[in-house]
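All remarks here apply to the structure that follows.
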Amino acid sequence: MEVPVIDFGELDGERRSETMALLHGACEKWGCFQIENHGIDKSLMEKVKQLVNQHYEENMKDSFYESEIAKGLQNKNLTSDADWESTFFIWHHPKSNIDEITNLSDELRKVMDAYIDKLIKLAENLSELMCENLGIEKDYIKESFSGSKGPSVGTKVAKYPQCPRPELVRGLREHTDAGGIILLLQDDQVPGLEFFKDGQWVEIPPSKNNTVFVNTGDQMEVLTNGRYKSALHRVMADKNGSRLSIATFYNPAGDAIISPAPKLLYPNRFRFQDYLNLYATTKFAEKGPRFESMKRMVN
Ligand SMILES: O=C(O)CCC(=O)C(=O)O
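Numbering-wise, numbering that gives the first Met the number 0 puts 49 at position 50 of the sequence shown, and it's gapless, one number per residue.
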């Protein structure tokens, strides 16, 4: 089983409808996929990765290996809520805190801001494509996430340090994400990310060529009334290398009110006889428009 790859380069060409169908299937069946030809400059992405790796080596690595979790692993007395990760979080929207994060080089701040500008555009483009596939207004997701100040965007910058005993600890324990659309720039060498699909864990390979890995969070599952999945995932610790992961969360604002899109709800509270009457004349047509008629009848 291989996670679907969506080629954004095909969206303007003859294979648009096939590509859109692939995206829809990935959202429904996997809750994750990779995007290639996303249009974000590869040298900008390489620079982000290089500067984050440098920041980790200079500012985070030593303190990680001196931390309680690293000592706990050595003495084999890990607590059950330990994850083998070294992280920091940057807020971008509605208000950036990047200037307040200590020890970041000016270059990293600048490059990260430029990268996030592009990534927000990609998230919004993706949200519009998802709306199109769902048959709802193209800005429905963005509007639903907006609250009073627009969607919340933040980035979890993580390294999953090389781990001497990966059988004793997870890089990050299994979970689903709380929010909306998550875009991940991940290591091109070291594996670790796994998604749960059809009863088994599927390994996500490292991202060659700066493909962007995407997964959808709990609010996408709610907003789509369960059509799109928020899939369980985890990160395995690795004995041979440190894994880089830069996960940007395009989430609802804190004050956004979330509910399933009415268009994606089944009709409800109708009299069965009314349904049967409609069915008598539409039995051999698709059921979707019949459901829509029932909704109009009830409202
Ligand atoms: O680092 C990764 O690959 C996944 C990160 C993640 O799932 C999380 O931080 O919620």
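Every residue gets a Cβ at the ideal spot worked out from N, C-alpha and C, and that includes glycine.
Please read these numbers as outputs of a predicted model, since none were measured by experiment.
So for residue i, helix, strand or coil by DSSP?
i           : result
residue 144 : helix
residue 214 : strand
residue 209 : helix
residue 97  : helix
residue 292 : helix
residue 231 : coil
residue 37  : coil
residue 1   : coil
residue 242 : strand
residue 348 : Outside the modelled stretch of the chain, which goes from 0 to 298, sits residue 348, for which no answer is possible.
residue 124 : helix
residue 179 : coil
residue 85  : strand
residue 114 : helix
Could you check if residue i belongs to the surroundings of ligand 1, using beta carbon to heavy atom distance under 7 Å?
i           : result
residue 171 : yes
residue 192 : yes
residue 91  : no
residue 236 : no
residue 53  : no
residue 176 : yes
residue 37  : no
residue 151 : no
residue 206 : no
residue 183 : yes
residue 232 : yes
residue 95  : no
residue 244 : yes
Rounding to the nearest angstrom, what Cα-Cα distance links residue i and residue j in this structure?
i           : j           : result
residue 294 : residue 284 : 17 Å
residue 281 : residue 296 : 15 Å
residue 252 : residue 100 : 22 Å
residue 159 : residue 60  : 10 Å
residue 213 : residue 287 : 29 Å
residue 88  : residue 266 : 42 Å
residue 226 : residue 51  : 36 Å
Considering only the alpha carbon of each residue, which of the options lies closest to residue i?
i           : options          : result
residue 83  : 279, 257, 241    : 241
residue 232 : 144, 255, 175    : 175
residue 110 : 80, 259, 140, 39 : 39
residue 184 : 204, 260, 172    : 204
residue 140 : 257, 18, 278, 17 : 257
Round the Cβ separation of residue i and residue j to the nearest angstrom and send it over; I've been treating them as touching at under 8 Å.
i           : j           : result
residue 248 : residue 178 : 5 Å
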